[in-house]
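Structure record follows, encoded as structure tokens.
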Amino acid sequence: MTTDESVLRQIQNFIINGDNESLNKLVRKQLKKGMSASNILYDGMIPAMDHIGTEFKFNRIFIPEVLLSARAMNDGLILLEPHLSQRRSALRHRILIGTIHGDMHDIGKNLVAIMLKGAGFEILDLGFNVPVETYIEKMREYQPEIVCLSSLLTTAMPGMKTVIDEMEQNGIRQKIKVLVGGAPVSQRFADNIGADGYADDAIQAVDLAKNLLKI
Ligand code: B1M
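In this note's numbering, each residue's number is its place in the sequence shown (first place is 1) plus 267.
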């Protein structure tokens, strides 16, 4: 195993064990030594969360362990953000993002927000468990060109259609593009609810936003 592979393995283990402090120390050290933030993210941190998902699914770990891993993951993302967002180019296009009502999952949404910021978009992040009224209120106030809706729960996904319906009711649907994403979401679902696009991951979300705005 190469040194990099062994470091990435350690990063994975720190996330899996929810060892926040050790993760922070190691990530800071590796960034200083020149390891790329995307290497740390895509080859270390994300595979660790995938592993946590499988363990959780088969009842080998439970909510408290998942929460500790999620905290480590979110803290790690904060350390990586300045490095992932370096290519800021001040596109001056506004995007509003949030996780749908009933859903507390925010790691993927945070990552999408970081990558969009990195691509130069101005982001208003509403957080998670966002009620439909808040989306509408903030759309009116902030006047974004795109709204990104995230959901990790099959049970919360219908809330995406509720947002689109409410946008129509409030006469703002034509002015704002709606992009949807999250593990259980698909292109088919996006088409069914009348969204303007679906992105499988954070990189695709950036490409899709740029394509939609023709930039
Ligand atoms: Co929960 N959880 N969870 N969980 N959790 C899942 C999602 C689950 C798949 C686990 C499983 O069973 N294998 C399952 C959902 C099943 C389903 O409905 N399909 C599940 C469940 C059931 C639950 C609870 C109901 C458990 C319970 O209480 N019995 C509960 C629900 C609470 C609630 O939300 N109301 C619950 C709770 C939690 C924690 C709070 C403990 C924690 C979340 C902490 C947090 O987010 N701050 C948690 C976690 C961490 C997970 C897993 C393990 C990891 C999710 C994650 O962060 N992945 C997850 C299992 C899994 O996904 N393998 C699971 C890493 C992240 C980088 O990927 O979020 O997929 P992801 O984001 C990607 C893409 O999806 C996409 O880009 C991102 C980056 O590439 N994307 C977008 C996401 N949003 C986008 C928006 C876009 C575009 C792309 O806009 C355009």
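Note that beta-carbon positions come from the ideal geometry of N, C-alpha and C, so glycine has one too.
Is the beta carbon of residue i less than 8 Å from the beta carbon of residue j?
{"i": "Asp463", "j": "Leu479", "result": "yes"}
{"i": "Asp431", "j": "Gly394", "result": "It should be noted that the sequence gives Ile, not Asp, for residue 431. Against a cut-off of 8 Å, the Cβ pair of Gly394 and Ile431 comes out as no contact."}
{"i": "Met382", "j": "Leu346", "result": "no"}
{"i": "Met312", "j": "Ile282", "result": "yes"}
{"i": "Gln279", "j": "Pro331", "result": "no"}
{"i": "Val414", "j": "Leu363", "result": "yes"}
{"i": "Met424", "j": "Asn396", "result": "no"}
{"i": "Ala450", "j": "Leu378", "result": "no"}
{"i": "Met406", "j": "Ile374", "result": "no"}
What is the DSSP secondary structure of residue i, counted as helix, strand or coil?
{"i": "Ala472", "result": "helix"}
{"i": "Arg327", "result": "coil"}
{"i": "Arg440", "result": "helix"}
{"i": "Ala386", "result": "coil"}
{"i": "Thr422", "result": "coil"}
{"i": "Ala462", "result": "coil"}
{"i": "Asp432", "result": "helix"}
{"i": "Ile482", "result": "coil"}
{"i": "Asp467", "result": "coil"}
Cα separation between residue i and residue j?
{"i": "Leu416", "j": "Gly365", "result": "6 Å"}
{"i": "Lys487", "j": "Ala472", "result": "This structure does not reach residue 487, given that the chain is present from 268 up to 482, and the question cannot be answered."}
{"i": "Glu412", "j": "Thr269", "result": "45 Å"}
{"i": "Gly369", "j": "Ala466", "result": "21 Å"}
{"i": "Asn437", "j": "Tyr409", "result": "15 Å"}
{"i": "Glu433", "j": "Val399", "result": "8 Å"}
{"i": "Val294", "j": "Glu435", "result": "45 Å"}
{"i": "Leu290", "j": "Arg276", "result": "11 Å"}
{"i": "Phe456", "j": "Lys299", "result": "42 Å"}
{"i": "Ile367", "j": "Val445", "result": "13 Å"}
{"i": "Gly387", "j": "Phe325", "result": "40 Å"}
{"i": "Leu419", "j": "Val452", "result": "8 Å"}
{"i": "Leu308", "j": "Thr422", "result": "28 Å"}
{"i": "Glu322", "j": "Ile439", "result": "42 Å"}
From which residue to which residue does the alpha helix (DSSP H) around residue i run?
{"i": "Ser518", "result": "Here the chain comprises residues numbered 268 to 482, so residue 518 is not present and cannot be evaluated."}
{"i": "Ala450", "result": "Looking at the DSSP string, Ala450 is not in any alpha helix (DSSP H), and its letter there is neither H nor E."}
{"i": "Thr401", "result": "399-409"}
Starting from residue i, trace the beta strand (DSSP E) in both directions and tell me its first and last residue.
{"i": "Ile362", "result": "361-366"}
Self-check item: Those runs of the beta strand (DSSP E) which lie wholly inside the segment 276-308 and span at least 3 residues
Solution: Note on the segment 276-308: there is no whole beta strand (DSSP E) run with a minimum of 3 residues.
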